[in-house]
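Have a look at the structure below, then the notes.
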Amino acid sequence: MASHAANLWVLLGLGLAGILLMTKRLKKTIKADFGAFIKKLELLPPPQPAPPKAPHPLTGLNFAVSDVFDIEGYVTGFCYPDWVRTHEASSCTSPVVLTLVEGGATCVGKTVVDELAYCIHGENKYYSTPTNPAEPACVPGGSSSGAAVAVAANSGTSL
């Protein structure tokens, strides 16, 4: 009879431990930027032209780029730490990013992508999965999950 009661207590303890572990795993801390960025930066546009020339068309707008675009002085790591450790910082900036900056927009950071930008669900075990601002219990989805979250959460991006 005593061993039966001991077994019952062991089972009860294991059940409670399992519940606590699952609760801890499912409980997610939401970051201020919803985890959209791996690196905040500020790539500023050139100065405005003197009048009577028209100002830059994208003046006052901000944008973020996925961690697949080169920015001079930063390692493009595809959100994979081993890639970052084994590669040098870029020596030039992507033409797409340069065009936006020269048009007057400000780059505010690099956003999370799936590991090596290779998946469709938006999860990244190295930099954490961005939190879906509309539905925190759901993954944001897509290899550009960080960019989607940055726009949806109004995290300083307007493009």
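Using our numbering, you'd call the opening residue of the sequence shown number 14 and step up by one each time. Glycine residues also receive a C-beta, built at the ideal position from the N, C-alpha and C atoms.
Cβ neighbour criterion (16 or more within 10 Å) applied to residue i
i              : result
glutamate 128  : buried
tyrosine 139   : exposed
aspartate 95   : exposed
asparagine 137 : buried
isoleucine 51  : buried
Same chain only: Cβ atoms within 8 Å of residue i, ignoring 5 sequence neighbours per side
i             : result
asparagine 75 : Ala118, Thr119, Cys120, Val121, Gly169, Thr170, Ser171, Leu172
alanine 147   : Ala165
tyrosine 131  : Ser156
Neighbourhood of residue i by C-beta distance below 6 Å, restricted to the same chain and skipping five residues each side
i              : result
valine 88      : Val97, His100, Ala102
lysine 53      : Gly122
valine 162     : Phe47, Ala49, Pro143, Pro153
asparagine 145 : Cys151, Pro153
Close-in-space but distant-in-sequence residues of the same chain around residue i (CB under 7 Å, 5 per side omitted)
i           : result
leucine 71  : Leu113, Gly116, Gly117, Ala118
tyrosine 93 : Glu128, Leu129, Tyr139
valine 81   : Thr89, Phe91, Val126, Ala130
proline 59  : Glu115
Where the alpha helix (DSSP H) containing residue i begins and where it ends
i             : result
glutamate 115 : 108 to 115
alanine 77    : No alpha helix (DSSP H) contains alanine 77, which is instead part of the beta strand (DSSP E) from 75 to 79.
Counterpart residues of residue i in DSSP-defined beta bridges
i          : result
lysine 66  : Lysine 66 is not bridged to any residue.
lysine 138 : Answer is none; lysine 138 lacks a bridge partner.
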